[in-house]
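Heads up, the thing below is written out as structure tokens.
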Amino acid sequence: MNAHSPTSERKLRVALFSGNYNYVMDGPVRALNTLVAYLEREGHEVLVFAPTNDKPAFQHSGRLISVPSFAFPGKRSEYRFGLGLHGKCKRALDSFRPDIVHIAAPDYTGFGALNYARKFGVPAVASFHTRFDTYPRYYGLGWLEKYLTRYMRYFYRRCEHVYAPSHSMTEELKRDGIGEDIRLWTRGVDGDLFNPARRDMAWREANGFHADDVVVAFVGRLVLEKGIDIFVDAFNRAKASTPNLKALVVGDGPERESFSKLIPEGVFAGYLQGEELARAYASADLFFNPSITETFGNVTLEAMASGLPSIGAAAAGSRSLIENGVTGYVAEPNAASFAEKLVLLGNDTALRQRFGKTAREHSARFSWDAVLAELVGHYYEALDQFQPSRRHARPRPAADARRHAA
């Protein structure tokens, strides 16, 4: 993009659409809230559209329009399905008159946002946060995956840009034909918050860990697609030969009860945030994330900043963060491979310390401000390059529309 493009010198109106923005805290939600706060700090206007509930998990950033929704059935009732852009949502969007539409989930509301953008000649971009097409296998519905992948191809190919969080995910999306112009929007980490200096031996002792225990941390939502079944299998295999391995599980979710029964000696700390979360990371000895559904792995980056060596799956999220044999290990996503790496790190204090020190150094490359400034640059490029396929009418603000109707 030309740094002196007229487009790049004006402030933007960004409409952001997400399936979750404030009712469950997870990696994508944290990234989106950080983005909105940054955009507003830089003088851009943002309007967020997402489902909400009566008990938000945290105070969100920016202005939020609640999208009508219903709770998912069964164990996943904490998540909500948006019912699209109707009534007050449509009026708010028309009045806002966005310059660009950013879609964070390919759900029904996101599909409506995409159609809105095409109808009114506004560029639509999408950030790719989750391999939703891999979820059915964890719930006995593997036959659905090919249909979800086809839908995702259709959806993302209609976007001007698709923002992937890692180089490996970019390559994966290209391989699968998901998206046309795929660009990198990586993530940042607060290195002051997530810091080895927060290691707290008194906290370890208070949670039942002994001085010679090797604490293996898992951080994330306790749901099947995070690979908790593989975590249990690999951990128990490794513990059979390395008895001083102890599990620290940070997070909550519908599988907490079953997870805790399978690792009865594990410490389940529940959902933590801020300094409490940072202390938990730094007080562990290594980090283990078996998930193959991660597109980036925010928790892995936080662990690295906290000075922990990491073990992750040979999948998009972990491959881009963990330098194999330097900051940790990338293993095939099966219990035997993971257990081998757990034993290797569990029995070698010097190796853990060396990997952890290097991981901390590598994490310093991930600055939120630099990452988000680059994303805004992509926004401007989408505007400069956008060519609607046919003439479109811009929506009138609500007041103008009422006057016109009169």
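Its first residue numbered 51, the sequence shown is counted upward by one per residue in the numbering used here. From the three backbone atoms N, C-alpha and C, an ideal C-beta is built for every residue, glycine too.
1) Could you check what DSSP says for PRO105 in three-state terms: helix, strand or coil?
2) Assuming the contact rule is C-beta atoms closer than 8 Å, LEU164 and ARG207 should be a hit. Round their C-beta distance to whole Å, please.
3) How is ILE115 classed by DSSP in three states: helix, strand or coil?
4) If you reduce the DSSP assignment to three classes, tell me which class ILE150 lands in.
5) Would you identify the three-state DSSP class for SER218, choosing helix, strand or coil?
6) Between VAL273 and GLU305, is the Cβ-Cβ spacing less than 7 Å?
7) So, using beta-carbon positions, are ALA353 and PHE338 closer together than 7 Å?
8) Which term fits LEU62, buried or exposed, when burial requires 16 or more other beta carbons within 10 angstroms of its beta carbon?
9) What separation, rounded to the nearest whole angstrom, lies between the Cα atoms of TRP235 and LYS276?
10) According to DSSP, which residues form a beta bridge with TYR71?
11) What's the call for LEU191, buried or exposed, on a 16-neighbour Cβ count within 10 Å?
12) Any contact of the stretch 310-318 with the stretch 376-396, i.e. 3+ C-beta pairs under 8 Å?
13) May I ask you to list the residues that DSSP assigns as paired with PHE50?
14) So, is THR350 buried or exposed, given that buried needs 16 or more other C-beta atoms within 10 angstroms?
15) Would you say the stretch 106-115 touches the stretch 67-86, given that touching needs at least three Cβ pairs under 8 Å?
16) Determine the contact status of PHE268 and PHE281, defining contact as a CB-CB distance below 7 Å.
17) According to DSSP, is GLU92 part of a helix, a strand, or is it coil?
18) Using a Cβ-Cβ cutoff of less than 6 Å, which residues in the same chain neighbour GLU344 once the five nearest sequence positions on both sides are dropped?
19) What number of angstroms, rounded off, separates the C-alpha of THR184 from the C-alpha of ASP262?
20) When you compare only the Cα positions, how much space is there between LEU295 and GLY406?
21) Mind checking VAL64: buried by the 16 CB within 10 Å criterion, or exposed?
22) Per the DSSP calculation, THR159 is bridged to which residue(s)?
23) Cβ atoms of GLY362 and ARG410: under 7 Å apart, would you say?
24) Could you tell me which whole beta strand (DSSP E) segments of length 3 or greater appear in the stretch 164-233?
25) Figure out for me which residue from GLN435, THR399 and GLN437 has the closest Cα to the Cα of VAL264.
26) Ends of the beta strand (DSSP E) at LEU336?
27) So, with DSSP's three-state summary, where would you put ARG410?
28) Which residues mark the beginning and the end of the alpha helix (DSSP H) in which ALA330 is found?
29) Over what stretch of residues does the alpha helix (DSSP H) that includes TYR429 continue unbroken?
30) Report buried or exposed for GLU291, applying the criterion of at least 16 other Cβ atoms within 10 angstroms of its Cβ.
31) Taking PHE161 as the reference, which of ALA414, PHE318 and LEU66 has the closest Cα?
32) Mind checking which residues open and close the alpha helix (DSSP H) that includes SER387?
33) If you reduce the DSSP assignment to three classes, tell me which class GLY277 lands in.
34) What first and last residue would you give for the alpha helix (DSSP H) that runs through PHE309?
35) Skipping 5 residues on each side, what residues in its chain have a beta carbon closer than 7 Å to that of ALA288?
36) Under 8 Å by Cβ, that's how I've got LEU133 and PRO123 pegged, so tell me the actual separation to the nearest angstrom.
Put simply:
1) Strictly speaking, residue 105 in this sequence is Lys, with Pro absent from that position. In this structure, LYS105 counts as coil in the three-state DSSP scheme.
2) 11 Å between Cβ atoms; not a contact.
3) DSSP places ILE115 in strand when its eight states are reduced to three.
4) If DSSP states are grouped into helix, strand and coil, ILE150 belongs with the strands.
5) Looking at SER218 - three-state DSSP - the assignment turns out to be helix.
6) It is a contact, given that the beta carbons lie within the stated cut-off.
7) Not a contact, by the Cβ cut-off of 7 Å.
8) LEU62 is buried by the Cβ-count criterion.
9) Spanning the two alpha carbons is a distance of roughly 22 Å.
10) Under DSSP, no beta-bridge partner is assigned to TYR71.
11) Flag for LEU191 reads exposed.
12) Cβ pair count under 8 Å is below three, so no.
13) For the chain, the structure presents residues 51 to 456; residue 50 sits outside this window and is missing.
14) Buried.
15) Yes, the stretch 106-115 touches the stretch 67-86.
16) By the CB criterion at 7 Å, PHE268 and PHE281 fall inside the cutoff.
17) Note: GLU92 maps to coil in three-state DSSP.
18) Taking GLU344 as the centre and dropping the five residues before and after it, the same chain places the C-beta of GLY367 closer than 6 Å to its C-beta, in chain order.
19) Looking at the two C-alpha atoms, the distance is approximately 39 Å.
20) Going from the Cα of LEU295 to the Cα of GLY406 covers about 17 Å.
21) VAL64 should be labelled buried.
22) Per DSSP, none; premise fails for THR159.
23) Their beta carbons are not under 7 Å apart, which means ARG410 does not touch GLY362 by this criterion.
24) Listed in chain order, they are 174-177 and 211-214.
25) Nearest of GLN435, THR399 and GLN437 to VAL264, Cα basis: THR399.
26) LEU336: member of the beta strand (DSSP E) spanning 336-339, first to last residue.
27) Here ARG410 sits in helix by DSSP.
28) 324-333 is the span of the alpha helix (DSSP H), which, as asked, contains ALA330.
29) Taken as a continuous stretch (DSSP letters only), the alpha helix (DSSP H) holding TYR429 covers 418-435.
30) Here residue 291 turns out to be Ser, not Glu, going by the sequence shown. For SER291, the number of other beta carbons within 10 angstroms of its own is below 16, and it is reported as exposed.
31) Measuring C-alpha to C-alpha distances from PHE161 to each of ALA414, PHE318 and LEU66 identifies LEU66 as the nearest.
32) From DSSP, the alpha helix (DSSP H) with SER387 extends over 385-396.
33) GLY277: coil per DSSP, three-state reduction.
34) Where PHE309 is concerned, the enclosing alpha helix (DSSP H) stretches over 306-312.
35) Same-chain partners within the cutoff: LEU295, ALA389, LEU392, VAL393 and GLY396.
36) About 15 Å separates the Cβ atoms of LEU133 and PRO123, ruling out a contact at the 8 Å cut-off.
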